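Chains as they are written, first to last, in the numbering used here: chain D, 2 to 447; chain P, 59 to 421. Here is the structure we will look at.
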């Protein structure tokens, strides 16, 4: 139960945000159990793959990349929104981002973990990834991938950690007598002796600014480098010069959708209505619309330049995509991922949040399918005049995909229990900045 | 003042562009280290010329022809060629070493040593001897109808793949008289999805009826050689021995001018392709010397990780040292600093080291 009125904004903030961190409901445990079960099943599928080889998947000679690489691009992609919301919106002084930065950064960290795991799962002999370290050549896009993703992951972890320090210090200070010594010790270590002195605040502010500026080029480079894995090859549909920006915009697009869905879930379950308002959904909805139109522009640009010239294999590809086996999924993306969200966001009939969340769920699904449509049909077009390739994902691939998604949600759910899901420090800072800017101090909300 | 600045900027840019243009245009002056080089061998040294002739047959014959006259733009058999070669040996050495890709001349600096290249040039200077006045061949009797000429093919007893060999065909008419100025074609039998004769060239018979054909065969084993004059064919078997030599050097990539000699730090084994089933050894390499373009990429990565280090250092400075009692709150930032350093160095090293066995193919 939240107390209103007489209590100050800060006290309410602390109480609401730290509330879920303490007690645990049975509902939570059952969710964890279900997710763990799915992850375990995915793990079992992976053991089967390790034991019997990649024959257990649907990947064969011609279509040698499948669901794992789709997941790879998808997960690395949704990570970008985290950095966009916390870093880009910080650098551009967008104040309303403050309540959602933590959620966004957590999305980045966990999705990068899942994404980076996917190419390893794709390998029949995962130990051979060591060869990239021992014998890697700078000419290799896979090596660029490793460098970029490692840099981005480290940067995101640091960037998640920095605003977390004051929150952890708050938790450390609010620990009651009954708390275990272990918990106290962990929090003390992680809070790095934060006492909220002016020097410490200045130092943290400086560090956060440096990271915010530094991580933006890393963010752009990561998905560009992921796209280079495809665009450095001569396959029809992949041999494109705009893949770098195409993938980055696509990542922002799908990532924003994911973050919005997560925002809605936590807003409901943790009662965060005071901090995550309709304004957030509307503003992020407009950002989503912007990236949608940019993505639409790049997609059309890509397909039109292929379609106008229609080189032999490109003709096969477009026939396959628009009229052939992949037609359903291709047009599904256009309808569910582009057309429907435009209508849902632009035509403002009815309450904001349900419309935007529907659009976001559709976008997330459609963008997964779009990654499928980018990767697999290009491999199905034969390089020699033989039969077209065929790809049908096996139960192993589906299980591992499900396991990866479940692991992502699981990690997120566990993290939401241990750290505040809204960055208390950033919200407080933002409120103070606004209070300083305005003559009337905001203490009560009606 | 701004107008002056603009004007000076425009002038500087123009001058810069002009310099660049001239640099591109001035292809006729060999750049250092080629400028001013001289032939270490005497131009008329016959043993050097012989050595050069061998190399010429292997590497140059295909495009420039037997006597160097195949290509009009580089006619080694012209009467004035030896003089122009000896006047500007550095120019020819430069073209020979670096190639001239826009004219189709590949570079030879990787496949022939300096000594070898000078030997070839020494040989080239002997090609431009004025052609002896044409001696009209004695009139030969054309083979009369109904009488068959005979063709005999002689192949060397020993041959090695990649080494030049001479095939001679003796063409005689039914009376045993030699037939001169007749074109004899030479073939080898190959098995490439189907068995058949592959023409390797032709030669004209001289006054003695002998057609000499020089060829460099690249496959080893028992090879059937066939000579043919009009409808008359004769065959011989040639045993060609294996050689450990590599015949083809593929060139790939753009050959942009390198600021310096490449820097390679590594074990001797890194310079050769490894044995079968063994992974190649890695070495530290900077393509194009100390000012390598690779440093741009490495710099970007290093800058990122140095920034992370800076940030973690700020976190390290957050705990107030005087307040540390029992739990060292600087542990986590220290760990962070250590991880950032290790990962940063590892990633930078991944760019700078690599297996050498591919380096001759790519940049």
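For every residue, glycine included, the Cβ atom is placed at its ideal position computed from N, Cα and C. Predicted model, so just to flag it, every value in this text is computed and none were measured.
Nearest neighbour of residue i, chosen from the options [CA to CA]
i, options, result
"residue 345 of chain P", "P:336, P:315 and P:333", "P:315"
"residue 172 of chain D", "D:232, D:437 and D:424", "D:424"
"residue 254 of chain D", "D:25, D:157, D:77 and D:144", "D:77"
"residue 231 of chain D", "D:143, D:271, D:264 and D:164", "D:143"
"residue 105 of chain P", "P:178, P:72 and P:125", "P:178"
"residue 219 of chain P", "P:321, P:102 and P:281", "P:281"
"residue 122 of chain D", "D:337, D:52, D:154 and D:110", "D:52"
"residue 220 of chain D", "D:188, D:156 and D:430", "D:156"
"residue 212 of chain D", "P:362, P:278, P:286 and P:87", "P:362"
"residue 327 of chain D", "D:89, D:11, D:406 and D:371", "D:371"
"residue 397 of chain P", "P:378, P:366, P:372 and P:328", "P:366"
"residue 405 of chain P", "D:205, D:128, D:69 and D:139", "D:139"
"residue 274 of chain P", "P:76, P:119, P:385 and P:62", "P:119"
"residue 341 of chain D", "D:276, D:356 and D:181", "D:356"
"residue 399 of chain P", "P:243, P:320 and P:371", "P:371"
"residue 388 of chain P", "D:266, D:202, D:130 and D:191", "D:191"
Beta-carbon proximity check, residue i vs residue j, cutoff 8 Å
i, j, result
"residue 116 of chain P", "residue 184 of chain P", "no"
"residue 33 of chain D", "residue 411 of chain D", "yes"
"residue 108 of chain D", "residue 83 of chain D", "yes"
"residue 255 of chain P", "residue 271 of chain P", "no"
"residue 150 of chain D", "residue 117 of chain D", "yes"
"residue 262 of chain P", "residue 239 of chain P", "yes"
"residue 334 of chain D", "residue 367 of chain D", "yes"
"residue 217 of chain P", "residue 211 of chain P", "no"
"residue 314 of chain D", "residue 237 of chain D", "yes"
"residue 123 of chain P", "residue 181 of chain P", "no"
"residue 434 of chain D", "residue 96 of chain D", "yes"
"residue 324 of chain P", "residue 341 of chain P", "yes"
CB-CB length for residue i against residue j, believed under 8 Å
i, j, result
"residue 401 of chain D", "residue 43 of chain D", "5 Å"
"residue 409 of chain P", "residue 369 of chain P", "With 8 Å as the limit, residue 409 of chain P and residue 369 of chain P do not qualify as a contact, their Cβ atoms being about 22 Å apart."
"residue 152 of chain P", "residue 92 of chain P", "4 Å"
"residue 422 of chain D", "residue 103 of chain D", "6 Å"
"residue 168 of chain D", "residue 426 of chain D", "6 Å"
"residue 378 of chain D", "residue 321 of chain D", "5 Å"
"residue 282 of chain D", "residue 353 of chain D", "6 Å"
Neighbour flag for residue i against chain P, beta carbons, 8 Å
i, result
"residue 152 of chain D", "yes"
"residue 46 of chain D", "no"
"residue 155 of chain D", "yes"
"residue 207 of chain D", "yes"
"residue 186 of chain D", "yes"
"residue 215 of chain D", "yes"
"residue 195 of chain D", "yes"
"residue 96 of chain D", "no"
"residue 219 of chain D", "yes"
"residue 109 of chain D", "no"
"residue 189 of chain D", "yes"
"residue 144 of chain D", "yes"
"residue 420 of chain D", "no"
"residue 313 of chain D", "no"
CB contact check: residue i to chain D, cutoff 8 Å
i, result
"residue 338 of chain P", "yes"
"residue 372 of chain P", "yes"
"residue 116 of chain P", "no"
"residue 92 of chain P", "no"
"residue 381 of chain P", "yes"
"residue 321 of chain P", "no"
"residue 348 of chain P", "no"
"residue 412 of chain P", "yes"
"residue 409 of chain P", "yes"
"residue 376 of chain P", "yes"
"residue 354 of chain P", "no"
"residue 201 of chain P", "Its pLDDT being 49, under 50, residue 201 of chain P is placed unreliably in this model, and the value from its coordinates should be taken loosely. With 8 Å as the cut-off, residue 201 of chain P does not count as an interface residue toward chain D."
"residue 400 of chain P", "no"
"residue 391 of chain P", "yes"
Test: residue i CB closer than 8 Å to a CB of chain B
i, result
"residue 381 of chain D", "Looking for chain B here will not work: the only protein chains present are D and P."
field: Runs of beta strand (DSSP E) wholly within the stretch 307–354 of chain P (minimum 3 residues, chain order)
entry: As far as the stretch 307–354 of chain P is concerned, its whole beta strand (DSSP E) runs of at least 3 residues are 321–323 and 340–344.
task: Would you mind listing the alpha helix (DSSP H) stretches within the stretch 9–90 of chain D that are 4+ residues and don't spill past its ends, in chain order?
output: 10–19, 27–53 and 68–84
message: Extract the residue ranges of the alpha helix (DSSP H) inside the stretch 139–181 of chain D, only unbroken runs of 4 or more that lie entirely within it.
response: 142–175
field: alpha helix (DSSP H) runs wholly inside the stretch 183–252 of chain D, at least 4 long, in chain order
entry: Complete alpha helix (DSSP H) runs here, min 4: 199–232.
- prompt: Along the chain, which unbroken stretches of the alpha helix (DSSP H) at least 4 residues long are found entirely within the stretch 345–414 of chain D?
  reply: 353–381
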